[in-house]
Amino acid sequence: MTSRASAVAAWAGVVQAALLGSTRTSASLDAAPPDVAALLHALDARDTSTERRLLARAAVLSAYVRAGRLPARRATPPDDPAPVDDAPVVPPAAARLLATLLVGEHRDVLPEWLARAAAGGWRAPSPLLPALLDLARAAPALQPDVVRVLGARGRWLAARHPDWSWAAGTSSDTARATWETGAPPARVMALATLRADDAAAARELLAATWRTESAAGRAKLLAALETSLGPDDEPFLEAALDDRSREVRAVAAGLLASLPGSALVARMTERARAALRYEAGGLLRRARLVVTLPGAPDEAAVRDGVQPAPPPGIGERAWWLSQIVAAVPPAAWTAAWGLGAERVVTLLRDDEWTQPLADGWARAALRHRDAEWADALLRANVLVDRHARLAPPRAALLGLLPPARREALLVDALVGRVGVSPVELLHGAPPPWGDALARHALTWYRRRATGATGLGVTWATDAPVAESLPMLATRIPPALADEASNGWPAEPAPPWPRAIERFQSLLALRRALHAAFTP
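Numbering (mature numbering (1 follows the signal peptide of the UniProt record, and there is no 0)), first residue to last: -17 to -1, 1 to 502.
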């Protein structure tokens, strides 16, 4: 057993003793590493209180387990000391607030704290770096913002713990060394770094080791080619379609489908045009989409990524149709039919195969970052929750829209001009929000809280809406914080009291945050 594993086992004993009570069981030191056990025995000799001994053991083992550098497995020269940080530490009030956010329930405010600190050129306090790195390890979306406030000491610390390697900072030189000798996850990150610097050279590095990589390793490394993906990658990816691993083939097909000019996209477009055509309207008939359902995928279609077996609850032919449509750039349809995205999506309302087509177009819009199609699909409200396994979430499509267009769609949803529930869309709209959107959202939530939305609203239907209210507190522009605090009912009906209380608490916390960073 390694020193770290021994310490973890000893820590588990301390936790068990604390839960069961020191009078019922004791925390054995048998599992502790020798150096730690010696320290704990010395502390035991200084105090006869069982409770204080338990607390001392908890303090020592907790620090040992959570230390930024794991014990060396072999004798090595001592590390260079941490470099001196030129960046100033955040003001004391901001440091206290960060400590609260790291252990409390208001972590929704942490991204704003990180943004304010980075904008001011500040760094996080050194004592809080391990907790911050641990938190971000489990929350990848926070990692870019965390890296900006670590400072030189934080990056130095991150380089000495494998779980924090994502924050260490990787130059091309160090990435090349990591590629040669690093652990599998670090090699994937190194390849992505090298791709950003020289995509062709990085691809050749992967080609050189391709046959020696495991199937799981090949899939993860191939996915790293998404960084700086371009037409020159097509031959390598096309060859990967014949890999013996299904996972590798799926990654290759997905990347090729992201290249509009690839041969795979051309093949899938041919299949899609055989399955779907547009008939213009006339005096006596309406324009419509005509669907000819595809048959079971042949060997060539399977090679191109069409999976024969559908997920539970999805019909086979609907599944095949959706996959084929998802591999075609949405702009190909508008070009072929001479119609805008909004007009094409409108035709779906008259077609029995609306859902597989809408789901496929949604995935294609996300893959090709097509804002026109994303906007049309969201406004038409043709993506239903029961097909969530096929289509991307609405929030992902919303993220494709420019801020002004995104806010216009949200306002239309809030005032009823678009027949989609605003809650999911509001969750997917990152801050900062404009004043107009914030005020419309406040009005909408206040009406729900006061019961002014008419018939058909029950506790069951209002509970998810009330649960989303605290999210609004993290999106309100700071200048509107006081306005947002007012106008709520004095005695709201369940389930609103707790939601409004949490909303007000988050608003107060954000006021404190902005005050902490204000000189």
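Ideal placement from N, C-alpha and C gives every residue a C-beta, glycine not left out.
- With respect to V129, A114 sits apart: the two C-beta atoms are not nearer than 7 Å.
- Runs of alpha helix (DSSP H) with 4 or more residues, each lying fully within the stretch 194 to 225, are found at 198 to 206 and 217 to 223, listed in chain order.
- Within its own chain, the residues whose Cβ lies closer than 8 Å to the Cβ of S148, once the five positions on either side in sequence are excluded, are A141, A142, P168, A169 and M172, listed in chain order.
- In the three-state reduction of the DSSP assignment, R332 falls in the helix class, which pools H, G and I.
- Taking a contact as a CB-CB distance under 8 Å, the pair A258 and I297 does not count as one, their CB atoms being some 16 Å apart.
- V248: member of the alpha helix (DSSP H) spanning A246 to A258, first to last residue.
- Between the C-alpha atoms of L247 and D226 there is a straight-line separation of about 16 Å.
- Contact check for G288 against A236 passes: the beta carbons are separated by less than 7 Å.
- Counting along the chain, V273 sits inside the beta strand (DSSP E) bounded by residues R271 to V274.
- Selection P243, R186 and G87 evaluated against A347 yields P243 as nearest (Cα-Cα).
- Contact check for L380 against P339 fails: the beta carbons are separated by 7 Å or more.
- In the three-state reduction of the DSSP assignment, E95 falls in the helix class.
- The stretch 418 to 429 makes contact with the stretch 442 to 459, as at least three CB pairs between them are under 8 Å.
- Taking the Cα positions, G402 is about 7 Å away from R362.
- A Cβ-Cβ contact shorter than 7 Å links L26 with A39.
- When secondary structure is reduced to three states using DSSP, E450 falls in the helix class.
- The beta-carbon separation of V285 and P291, rounded to 7 Å, stays under the 8 Å limit for a contact.
- A distance of 7 Å or more separates the beta carbons of L239 and L212.
- Distances from the CA of A412 to each of E450, M454 and D445 were compared; the closest alpha carbon is that of M454.
- Exposure of A199 is indicated by the presence of fewer than 16 other C-beta atoms within 10 angstroms of its C-beta.
- In the structure shown, E88 adopts coil according to DSSP, grouped into three states.
- Looking only at D68, P386, G399 and T192, the smallest Cα-Cα distance to R138 is reached by D68.
- Listed in chain order, the non-local C-beta contacts of A183 below 7 Å within the same chain comprise D215, local neighbours out to five positions each way being set aside.
- No residue range can be given for Q290, since it is assigned to no alpha helix (DSSP H) and is classified by DSSP as neither H nor E.
- For S228, the closest C-alpha among the options E209, R388 and L205 is that of L205.
- Spanning the alpha carbons of A41 and A495 requires a straight line of approximately 33 Å.
- Contact between V327 and A255 is ruled out by a C-beta separation of about 13 Å, above the 8 Å threshold.
- Here the C-alpha atom of A499 lies approximately 41 Å from the C-alpha atom of H351.
- The beta carbons of W344 and P313 sit closer together than 7 Å.
- DSSP, reduced to helix, strand and coil, places V72 within a strand of the structure shown.
- The shortest CA-to-CA distance from A190 to any of W162, A166 and R269 is the one to W162.
- Ranking V(-3), R29, L44 and S32 by CA distance to the CA of V19 puts L44 first.
- Annotation for P71: G104, W105 and R106 place their beta carbon closer than 8 Å to its own, counting only its chain and skipping 5 residues before and after.
- Secondary-structure assignment with DSSP links Y261 through a beta bridge to L272.
- Taking all protein chains shown into account, R430 has fewer than 16 neighbouring C-beta atoms within 10 Å of its C-beta and is therefore exposed.
- Apart from sequence neighbours up to five positions away, the residues of its chain that approach L463 with a beta-carbon distance below 6 Å are A421, ordered along the chain.
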